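Engineer: Please see the structure below; I have some questions.
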Amino acid sequence: MHNPQLDADGNLKHLLTIEGLPKKILTQILDTAESFVGVAERDIKKVPLLRGKTVCNIFFENSTRTRTTFEIAAKRLSADVINLNVGTSSQSKGETILDTVDNLIAMHADMFVVRHSQSGAVHFIAQHVPDNISVINAGDGRHAHPTQGLLDVFTVRRYKPDMHNLRVALVGDVLHSRVARSEIHALTTLGVPEVRVIAPKTLLPVDVEKLGVHVFHDMKAGLKDVDVVMMLRLQNERMSGALLPSAQEYFKTFGLTQDKLDLAKPDAIVMHPGPMNRGVEIDSSVADGHQSVILPQVTYGIAVRMAVMAILNGGSPSSLRASASEQTGGGA
Amino acid sequence: MQLPDPENLLTEITLKIKAQIEINGIDNSALVGIYSGGVWIMRRILESMQQVIPYGLLDAALYRDDYAERGLKAAPKPAQIPFDVQDKHIILIDDIFYTGRTTRAAMNELFDYGRPASIQLAVLINRGGAQLPIAPNIVGAEILLKANQSLQLSQDTKNKLHLTLEGIIEN
Numbered sequence: 123m124h125n126p127q128l129d130a131d132g133n134l135k136h137l138l139t140i141e142g143l144p145k146k147i148l149t150q151i152l153d154t155a156e157s158f159v160g161v162a163e164r165d166i167k168k169v170p171l172l173r174g175k176t177v178c179n180i181f182f183e184n185s186t187r188t189r190t191t192f193e194i195a196a197k198r199l200s201a202d203v204i205n206l207n208v209g210t211s212s213q214s215k216g217e218t219i220l221d222t223v224d225n226l227i228a229m230h231a232d233m234f235v236v237r238h239s240q241s242g243a244v245h246f247i248a249q250h251v252p253d254n255i256s257v258i259n260a261g262d263g264r265h266a267h268p269t270q271g272l273l274d275v276f277t278v279r280r281y282k283p284d285m286h287n288l289r290v291a292l293v294g295d296v297l298h299s300r301v302a303r304s305e306i307h308a309l310t311t312l313g314v315p316e317v318r319v320i321a322p323k324t325l326l327p328v329d330v331e332k333l334g335v336h337v338f339h340d341m342k343a344g345l346k347d348v349d350v351v352m353m354l355r356l357q358n359e360r361m362s363g364a365l366l367p368s369a370q371e372y373f374k375t376f377g378l379t380q381d382k383l384d385l386a387k388p389d390a391i392v393m394h395p396g397p398m399n400r401g402v403e404i405d406s407s408v409a410d411g412h413q414s415v416i417l418p419q420v421t422y423g424i425a426v427r428m429a430v431m432a433i434l435n436g437g438s439p440s441s442l443r444a445s446a447s448e449q450t451g452g453g454a
Numbered sequence: 006m007q008l009p010d011p012e013n014l015l016t017e018i019t020l021k022i023k024a025q026i027e028i029n030g031i032d033n034s035a036l037v038g039i040y041s042g043g044v045w046i047m048r049r050i051l052e053s054m055q056q057v058i059p060y061g062l063l064d065a066a067l068y069r070d071d072y073a074e075r076g077l078k079a080a081p082k083p084a085q086i087p088f089d090v091q092d093k094h095i096i097l098i099d100d101i102f103y104t105g106r107t108t109r110a111a112m113n114e115l116f117d118y119g120r121p122a123s124i125q126l127a128v129l130i131n132r133g134g135a136q137l138p139i140a141p142n143i144v145g146a147e148i149l150l151k152a153n154q155s156l157q158l159s160q161d162t163k164n165k166l167h168l169t170l171e172g173i174i175e176n
């Protein structure tokens with residue numbers, strides 16, 4: 123089946139979802155991100171890869187952290203960045219998505235970073251853009267948030283390099299979480315043998331087992347002997363109907379406290395994609411504790427987004443690449 | 006064509022590099038190897054030195070001028086510059102000097118860490134064909150090659166260096 127994210131040679135063309143991406147591509151992104159981690163520690167925190175390119179952050183749904191980290195990532199690659207909060211612009215005046223996108227294409231943008239509240243909206247845009255433009259999904263509805271999934275597995279790999287020997291637990295609102303879906307696909311593609319999800323039945327999608335995960339409804343059983351605890355945010359804004367009795371009740375059963383964390387391996391790490399609801403899904407002492415890698419996740423998020431942009435924007439169509447590679451060889 | 010033994014060339018440039026470090030002063034000097042060949046050579050030079058000298062590793066892939074055509078196909082190796090570049094006399098080490106474009110990229114990358122007092126370039130072989138006004142300061146041997154020939158340095162499991170020449174050899 124044709125994967126709309128890959129070009130004819132199997133190289134990454136758009137990043138829309140981790141589902142269906144080969145391990146080779148995921149590893150290429152993570153390995154490339156390693157070389158960007160150090161850029162932030164230099165005197166001059168920039169490399170010239172995307173000099174003269176224009177990256178458009180098109181956010182049909184609000185976000186501060188994701189938009190900011192994409193913006194920093196693009197700027198550290200020397201790109202020019204335009205931020206468009208479409209909620210506050212023309213769409214509220216009645217413009218369609220494609221009209222918005224066409225206008226940006228006419229302004230000669232080179233890359234779109236898109237967030238939308240509707241699942242599939244970013245795929246729709248990717249199908250519409252001309253060949254020279256790449257699209258990155260920065261979160262669409264409940265569907266996918268691939269760069270978050272990638273930065274999470276990058277963080278796991280940095281702390282626990284032997285991915286083939288890990289037990290990872292995702293805890294919380296899997297139902298509404300595009301992050302959870304992206305994390306599960308990334309972890310299983312990279313060969314993590316045991317991925318668990320721990321959540322009340324009301325916050326799990328139907329048939330979640332089909333994603334290859336083990337389901338637990340009890341924190342104590344689910345956290346036993348895990349190496350990595352990935353907490354998920356309780357997504358109040360996406361909830362309709364009474365899925366939970368109360369935030370306090372949720373914290374008592376599914377909130378991560380040190381007592382519950384002590385059931386995991388002693389060197390287990392705790393992750394959270396942010397923004398955190400302290401006292402709802404995670405206790406403050408755990409969020410700030412010595413096992414927490416929540417802030418390194420943010421730092422690595424920039425390196426991973428730089429890697430994705432650098433891979434997407436590098437190289438022209440395959441014919442050009444082939445003729446260029448003939449001219450290289452034997453030092454330079 | 007008879008290729009020189011890279012081990013002999015290594016001995017020769019090691020002597021010249023040591024002499025240059027003597028002139029610059031060891032406290033103000035640093036070595037930087039360019040992946041992969043330059044790093045192999047640098048490690049051999051470091052092993053042969055009595056004194057400790059700061060050193061770093063560069064890939065320079067993020068600064069190359071052919072990114073737009075070639076992209077980042079293989080993941081670049083992370084740069085490691087664990088010393089303060091500011092006011093250092095840096096000897097950049099590469100295996101084979103050809104177009105000068107890698108050197109330019111490496112110099113640009115170094116300047117993002119600080120302003121060195123000087124940068125010199127040491128290579129095992131200058132194969133000719135510079136496309137920029139850049140030339141190595143320390144050279145093991147000059148071997149003029151055509152564009153369709155490819156000279157490669159490799160390292161065996163005992164860290165011994167080998168040269169191979171591929172492509173049309175006319176003389």
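Residue numbers (my numbering), protein chains in the order written: chain V, 123 to 454; chain Z, 6 to 176. Idealized CB from N, CA, C, for every residue including glycine. This one's a predicted model, so the numbers in the text were calculated from it and none came from an experiment.
1) What first and last residue would you give for the alpha helix (DSSP H) that runs through V/Phe192?
2) Label V/Ile166 either buried or exposed according to how many other C-beta atoms from any shown protein chain fall within 10 Å of its C-beta, with 16 as the threshold for buried.
3) In its own chain, which residues sit with a C-beta less than 6 Å from the C-beta of Z/Gln154, not counting the 5 before and 5 after it?
4) Which class does V/Asp221 belong to by DSSP, given the choice of helix, strand or coil?
5) Between V/Val177 and V/Ala196, is the Cβ-Cβ spacing less than 8 Å?
6) Determine the burial state of V/Arg189: buried for a count of at least 16 other Cβ atoms within 10 Å of its Cβ, exposed for fewer.
7) Output, in chain order, the set of chain V residues within a Cβ distance shorter than 9 Å of Z/Tyr118.
8) Tell me which residues of the stretch 136-162 of chain V have at least one Cβ-Cβ distance to chain Z shorter than 9 Å, keeping chain order.
9) Is there a C-beta anywhere in chain Z that falls below 8 Å from the one on V/Pro252?
10) Along chain V, in chain order, which residues have C-beta atoms closer than 7 Å to that of Z/Tyr72?
11) Hey, would you say the C-beta of V/Thr311 is under 7 Å away from at least one heavy atom of the ligand MG?
12) Per DSSP, V/Phe182 forms a beta bridge with which residues?
13) Shorter than 8 Å from the beta carbon of Z/Asp10 to some beta carbon of chain V?
14) With distance defined between alpha-carbon atoms, name the residue in Z/Lys93, Z/Gly105, Z/Asp161 and Z/Gln160 nearest to Z/Ile32.
15) Listed in chain order, which residues of the stretch 409-434 of chain V have Cβ atoms closer than 7 Å to some Cβ of chain Z?
16) Residues in the same chain with beta-carbon distance under 7 Å from Z/Tyr103, minus the five sequence neighbours each way, listed in chain order, please.
17) Kindly indicate which three-state DSSP category V/Ile391 falls into: helix, strand or coil?
18) For V/His250, does the three-state DSSP call read helix, strand or coil?
19) Can you confirm whether Z/Leu166, when its beta carbon is compared against all beta carbons of chain V, has any partner nearer than 8 Å?
20) Can you look up V/Ser304 in the DSSP assignment and give me helix, strand or coil?
21) Could you have a look at Z/Asn13 and say whether DSSP puts it in helix, strand or coil?
22) Give the C-beta separation of V/Ala409 and V/Met398 to the nearest angstrom, bearing in mind that I take them to be a contact with Cβ-Cβ under 8 Å.
23) Distance cutoff 8 Å, beta carbons only. Does Z/Tyr68 sit that close to anything in chain V?
24) Restricting to Cα atoms, I'd like to know which of V/Arg164, V/Arg289 and V/Ala386 is closest to Z/Arg120.
25) Are V/Ile391 and V/Ile151 touching if we call contact CB-CB under 8 Å?
26) Between which two residues does the beta strand (DSSP E) carrying Z/Thr169 extend?
27) I want to verify the contact list: residues of chain V whose CB lies under 9 Å from the CB of Z/Ala127, in sequence order.
28) For Z/Asp89, count neighbouring Cβ atoms within 10 angstroms of its own Cβ and tell me buried if that reaches 16, exposed if not.
29) Return the residue from the list V/Asn259, V/Pro252, V/Leu143 and V/Ala228 that minimises the CA-CA distance to V/Gly242.
30) Considering Cα atoms alone, identify which of V/Phe234, V/Asp153, V/Ala266 and V/Thr277 is closest to V/Asp107.
31) Taking the C-alpha atoms as reference points, what is the distance between V/Arg300 and V/Asn287?
32) Looking at chain V, which residues of the stretch 77-105 of chain Z have a Cβ within less than 9 Å of any of its Cβ atoms?
33) For Z/Asn153, name the three-state secondary structure that DSSP assigns.
34) Per DSSP, what kind of secondary structure is V/Glu141 in: helix, strand or coil?
35) Report all residues from its chain with a CB closer than 6 Å to the CB of V/Ile140; omit the five preceding and five following residues, and keep chain order.
Structural biologist: With the given structure in hand:
1) For V/Phe192, the enclosing alpha helix (DSSP H) begins and ends at Arg187 to Arg198.
2) V/Ile166 should be labelled exposed.
3) These residues qualify, in order along the chain: Gly172.
4) V/Asp221: helix per DSSP, three-state reduction.
5) It is a contact, given that the beta carbons lie within the stated cut-off.
6) Burial call: buried.
7) Going along chain V in sequence order, the residues near Z/Tyr118 (Cβ under 9 Å) are Arg164, Asp165 and Ile166.
8) Result list: Thr149, Gln150, Ile151, Leu152, Asp153, Thr154, Ala155, Glu156, Ser157, Phe158, Val159, Gly160 and Val161.
9) No, no contact with chain Z.
10) Neighbourhood of Z/Tyr72 in chain V, by CB distance below 7 Å: Leu171 and Gly436, in chain order.
11) The ligand MG is absent from the structure shown, which contains no ligands of any kind.
12) DSSP lists no bridge partner for V/Phe182.
13) So, not an interface residue.
14) A small fix is needed here, since residue 32 of chain Z is Asp in this sequence, not Ile. Proximity to Z/Asp32 across Z/Lys93, Z/Gly105, Z/Asp161 and Z/Gln160 peaks at Z/Lys93, based on C-alpha coordinates.
15) Using a CB distance below 7 Å, the part of the stretch 409-434 of chain V facing chain Z consists of Ala432 and Ile433, ordered along the chain.
16) For Z/Tyr103, the CB contacts under 7 Å within the same chain, skipping 5 residues up- and downstream, are Arg132 and Gly134 in chain order.
17) Judged by DSSP in its simplified three-state form, V/Ile391 adopts strand.
18) V/His250: helix per DSSP, three-state reduction.
19) With 8 Å as the cut-off, Z/Leu166 does not count as an interface residue toward chain V.
20) V/Ser304: helix per DSSP, three-state reduction.
21) Helix at Z/Asn13.
22) With a Cβ gap of about 6 Å, V/Ala409 and V/Met398 count as contacting.
23) By this cut-off, Z/Tyr68 is an interface position.
24) Answer by Cα proximity: V/Arg164.
25) Their beta carbons are not under 8 Å apart, which means V/Ile391 does not touch V/Ile151 by this criterion.
26) Leu166 to Glu171 is the extent of the beta strand (DSSP E) around Z/Thr169.
27) By Cβ distance, chain V contributes nothing, its closest Cβ being about 13 Å from Z/Ala127, past 9 Å.
28) Burial check for Z/Asp89: the Cβ neighbour count within 10 Å stays below 16, so the residue is exposed.
29) Among V/Asn259, V/Pro252, V/Leu143 and V/Ala228, the Cα nearest to that of V/Gly242 belongs to V/Asn259.
30) Only positions 123 to 454 of chain V appear in this structure, which leaves residue 107 of chain V out of reach.
31) Rounded to the nearest angstrom, the two C-alpha atoms are 25 Å apart.
32) Leu77, Lys78, Ala79, Ala80, Pro81, Lys82, Pro83, Ala84, Gln85, Ile86, Val90, Gln91, Asp99, Asp100, Ile101, Phe102, Tyr103, Thr104 and Gly105: these are the residues of the stretch 77-105 of chain Z whose beta carbon lies less than 9 Å from some beta carbon of chain V, given in chain order.
33) Looking at Z/Asn153 - three-state DSSP - the assignment turns out to be coil, as it is neither helix nor strand.
34) Residue state for V/Glu141 is assigned as coil, using DSSP reduced to three classes.
35) Hits under 6 Å: Pro268, Gly271, Ser304, His307 and Ala308.
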